[in-house]
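The sequence shown maps to residues 62 to 151 in the working numbering. Ideal placement from N, C-alpha and C gives every residue a C-beta, glycine not left out.
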Amino acid sequence: MAMTWADSAGEHDIPQDEALYAMLYAHALYDDFEDPRPGHDTSPRLYIGPSRFGTLEVMVNITPPGDVRVFHVMRLRETTRTTVGYEEKL
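Laid out in structure tokens, this is it:
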């Protein structure tokens, strides 16, 4: 099993350890979040989880048997929240 990080995962200046924390302690997980990305046979998985930067959305591609490529990390957008119907529990 290998975890790799695309350059795009760092575009919003969220440290990798914060993204990992959000994934490990995710409030919600959505398989098949959107159509497969070019060059991938599987749909991305979306994690919504906590961090010191607020609630994050983290998107990954998983290639069996266990390669994980993180390609998107940023604060949770309202559009993502609405798309998946996520409601934060206070």
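* **Start-to-end residues for the beta strand (DSSP E) that takes in His118** => Taking the first residue of the sequence shown as position 1, residue 118 is located at position 57. Note that residue 118 is Glu in the sequence shown, not His. Note, Glu118: beta strand (DSSP E), Leu117 to Thr124.
* Local conformation of Ala67 per DSSP, three classes -> Taking the first residue of the sequence shown as 1, we reach residue 67 at position 6. Looking at Ala67 - three-state DSSP - the assignment turns out to be coil, as it is neither helix nor strand.
* Should Tyr91 be labelled buried (16 or more other beta-carbon atoms within 10 Å of its own) or exposed? -> The residue you call residue 91 lines up with position 30 of the sequence shown. Buried, by the Cβ-count rule.
* To do: Check whether the stretch 74-85 touches the stretch 141-151, taking contact to mean three or more Cβ pairs, one atom from each stretch, closer than 8 Å.
  => no
* Asked: Based on the DSSP output, what are the partners of Ala89 in its beta bridges?
  -> Counting from one through the sequence shown, the residue named residue 89 turns up at place 28. Answer is Ile109.
* What three-state label does DSSP hand Met162 in the structure shown? -> Nothing about residue 162 can be reported from this structure: the residues present for the chain run from 62 to 151 only.
* Those residues which DSSP pairs with Asp128 across a bridge -> Start at 1 with the first residue of the sequence shown, and residue 128 comes out as number 67. DSSP, once it has assigned bridges, lists Thr124 as partnering Asp128.
* Asked: Do you know whose CA, among Arg130, Met62 and Ile75, lies nearest Arg113's CA?
  -> Against the sequence shown, residue 113 aligns to sequence position 52. Here the closest residue by C-alpha is Ile75.
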